[in-house]
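Top line first, the protein sequences correspond to chains A and B. Residues 1 to 248 in the UniProt record's numbering are what the first sequence lists, from first letter to last. Residues 1 to 248 in the UniProt record's numbering are what the second sequence lists, from first letter to last. Written below as structure tokens is the structure these notes are about.
2 protein chains.
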Amino acid sequence: MKIDPNSSADLSAQIAQAIKNAIVEGRLIVDERLPSEAELADQFQVSRPTVREALKRLAAQSLIRTQRGAFGGAFVNKISFKDAYSQQITTSTLLLSMNAVSFDTACEARYALERACAPLSAQRRTPDHLATMRAEIVRQGQPGLSDETFCASDVAFHRALVDGAGNPVLSYQLAGAVEAMQPLMNMITFTARSREVIVGLHTRIADAIEARDAASADAALVELTTYTMTLKDSVMAARAAARNSAHR
Amino acid sequence: MKIDPNSSADLSAQIAQAIKNAIVEGRLIVDERLPSEAELADQFQVSRPTVREALKRLAAQSLIRTQRGAFGGAFVNKISFKDAYSQQITTSTLLLSMNAVSFDTACEARYALERACAPLSAQRRTPDHLATMRAEIVRQGQPGLSDETFCASDVAFHRALVDGAGNPVLSYQLAGAVEAMQPLMNMITFTARSREVIVGLHTRIADAIEARDAASADAALVELTTYTMTLKDSVMAARAAARNSAHR
DNA sequence: ATATTTTATTTGTCTGACATTTAAAAGTCT
DNA sequence: AGACTTTTAAATGTCAGACAAATAAAATAT
């Protein structure tokens, strides 16, 4: 592992990259201990604070974990699906908000991916997944629910659907798409009528998944996609109208 | 923004989290300048090195960028699709290798997601996407190609297919699934015969996308999924056989 | 008016020190 | 001998102060 002191990049960034490469290329394996900070400083010919900044960069990506005390140190971290989930969710969320991704684009992506999971979920869902879906449907039908709570339940329903596919890689990929949509969904005010429609579609989806009927699940998801988009259009139109009348 | 000096977590981790929350919740907006390191150290009642470690954590996640000099400092970074791509690819790749995700699981996820893109790609693909796909098909047919180069071309082909959907969110989500599969695909030795089959299926996919025929594209993708899995099975079987005979 | 130099500010890096945590090793008691 | 306690060494976490390097604004010179 070498670094170039004449490069324009920060030393700590170079060191972090060098160690990251070693991990990605398998030269450092899970749970292997890195040299101590003092030894790394020696190897790279930099000071300990610089090494520490590099290690913090890696820790922020869950690539290493550190432990204090004798026989402590920095260890190559086995990145868990949970770590990867949360990373993906924050990245996706910021990506959508900062790049002003349109509701339609995000919505299309989300439901396209979800439809990819539905046939597998119809095959493999367990009673647990069905129970979660049914429970969320009940919650969504309760009166007096805030829009935020309704949205959160919506996310939980769809995550159960996705998890039903029994493929952790799919669940991981979908986590970003589904959760990152939530802030956008929160902009919608759900009337009693629209909640009724959504609960109806959720019920059809749950029924189809329970009956292992992939085609029906897909059809209901398509309808849900369309309905979500028209719902957003009408909410936007209503707001525009309210703004116009207020300005006169 | 407050931190708890009695918490078990590192001060730098707490500070990073506090600033991250401010960004995610929109209290700090894109291109806004954070206070200087000295001011932050003052605010949080810690030393400058500690603040710096916190900032490096954020920089590692592309949440901020720093600039030296007068009127420099740390600025909230607009996370780009490119940033998000590369983060997702390394995370996905490590997730697969460290958690010993089976070839079948990763493969299933990848093709399920890709099939989700195909109908959209059939609708919206530009001549550019088609040209890329055709060019990669030609490359894949050339003799004397190493397995690695063949795999890389395979990835390029499928990325063009995905990008054809014209939905950057989908492209971003798929980048992880497609690229992270590459190390697993690299374990396969592609015989002349198997390359011929794959090129044939790729041609059918490109033809279908060109003809805006979503159903045919889907059918070809399903065949490709099945074929990839049987290919991997036969490679594994051949290796097992070789091991057995060598041991006798 | 333009070009150059100066200056102030800020990040990047280094040195050295002390605090805190932790597990192994040594010691003590029953 | 075995169980408990104390000591110790090694490592990360934190701090203070200093200097280097970059950079843009301000001041100066042409």
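Where is the CB? At the ideal position from N, CA and C, for every residue including glycine. Predicted model only: the values in this text are computed from it and were never measured.
Among the options, nearest to residue i - alpha-carbon criterion
| i | options | result |
| --- | --- | --- |
| B:Gln87 | B:Ser62, B:Asp104, B:Ile23, B:Arg27 | B:Ser62 |
| B:Val155 | B:Ser234, B:Ala22, B:Thr132, B:Ala238 | B:Thr132 |
| B:Asp213 | B:Ile198, B:Thr189, B:Arg115, B:Val199 | B:Arg115 |
| B:Thr226 | B:Ser245, B:Ala240, B:Ser194 | B:Ser194 |
| A:Leu96 | B:Asp4, B:Leu224, B:Val30, B:Ser121 | B:Val30 |
| B:Ala160 | B:Gln142, B:Ser80, B:Ala122, B:Gly26 | B:Ala122 |
| A:Thr228 | A:Ser80, A:Ser245, A:Asn186 | A:Asn186 |
| A:His129 | A:Ala237, A:Leu34, A:His158 | A:His158 |
| A:Gln43 | A:Asn6, A:Glu136, A:Lys2, A:Ala211 | A:Lys2 |
| B:Thr93 | A:Glu136, A:Leu94, A:Glu25, A:Leu34 | A:Glu25 |
| A:Gln142 | A:Ala9, A:Glu210, A:Ala192 | A:Ala192 |
Residue burial classification, residue i (beta-carbon count within 10 angstroms, cutoff 16)
| i | result |
| --- | --- |
| A:Gln67 | exposed |
| B:Thr230 | exposed |
| A:Thr91 | buried |
| A:Lys82 | exposed |
| A:Ser146 | exposed |
| A:Lys20 | buried |
| A:Gly144 | exposed |
| B:Val222 | exposed |
| B:Gly176 | buried |
| A:Arg239 | exposed |
| A:Asn167 | buried |
| B:Glu39 | exposed |
Other residues of its chain near residue i: CB distance less than 7 Å, five sequence neighbours each side excluded
| i | result |
| --- | --- |
| A:Ala220 | Leu201, Arg204, Ile205, Ala208 |
| B:Glu53 | Ser12 |
| A:Lys232 | Phe103, Ile188 |
Within-7 Å CB hit, residue i to chain A
| i | result |
| --- | --- |
| B:Ile209 | no |
| B:Asn167 | yes |
| B:Thr132 | no |
| B:Ala215 | no |
| B:Pro35 | no |
| B:Leu113 | yes |
| B:Met98 | yes |
| B:Leu11 | no |
| B:Thr149 | no |
| B:Gln61 | yes |
| B:Ala38 | no |
| B:Thr230 | no |
| B:Gly84 | What sits at residue 84 of chain B in the sequence shown is Ala, not Gly. Interface residue, yes. |
Distance CB(residue i)-CB(residue j) smaller than 7 Å
| i | j | result |
| --- | --- | --- |
| B:Glu179 | B:Ile89 | yes |
| residue 301 of chain A | B:Val169 | The shown model of chain A, from 1 to 248, leaves out residue 301 of chain A, and the question about it has no answer. |
| A:Leu58 | A:Ala16 | yes |
| B:Gly164 | B:Arg110 | no |
| B:Lys78 | A:Met181 | no |
| B:Leu28 | B:Phe103 | no |
| B:Val101 | B:Ile23 | no |
| A:Ala70 | A:Leu55 | no |
| B:Asp218 | B:Ala118 | yes |
| A:Gln140 | A:Val199 | yes |
| B:Val162 | B:Ser153 | no |
| A:Ala242 | B:Ala60 | no |
CB contact below 7 Å: residue i versus chain B
| i | result |
| --- | --- |
| A:Thr126 | no |
| A:Thr203 | no |
| A:Glu53 | yes |
| A:Arg57 | yes |
| A:Leu28 | no |
| A:Gln173 | yes |
| A:Pro5 | no |
| A:Gln123 | no |
| A:Ala225 | A small correction: the amino acid at residue 225 of chain A is Thr; Ala does not occupy that position in the sequence shown. Judged by the 7 Å Cβ criterion, A:Thr225 is not in contact with chain B. |
| A:Glu108 | yes |
| A:Lys78 | yes |
| A:Leu221 | no |
| A:Thr191 | no |
| A:Ala160 | no |
| A:Pro49 | yes |
| A:Glu170 | Per the sequence shown, the amino acid found at residue 170 of chain A is Leu instead of Glu. For A:Leu170, the answer is yes, since a Cβ of chain B falls inside 7 Å of its Cβ. |
| A:Ala18 | no |
Residues of its chain near residue i, where Cβ-Cβ distance is below 8 Å and the 5 sequence neighbours each way are ignored
| i | result |
| --- | --- |
| B:Ala41 | Ser47, Arg48, Thr50, Val51 |
| A:Arg134 | Ala206 |
| B:Glu32 | Phe75, Val76 |
Same chain only: Cβ atoms within 6 Å of residue i, ignoring 5 sequence neighbours per side
| i | result |
| --- | --- |
| A:Leu120 | Ala165 |
| B:Phe190 | Asp147, Phe150 |
| A:Arg65 | Phe75, Asn77 |
| B:Leu174 | Leu113, Val162 |
| B:Leu224 | Leu201 |
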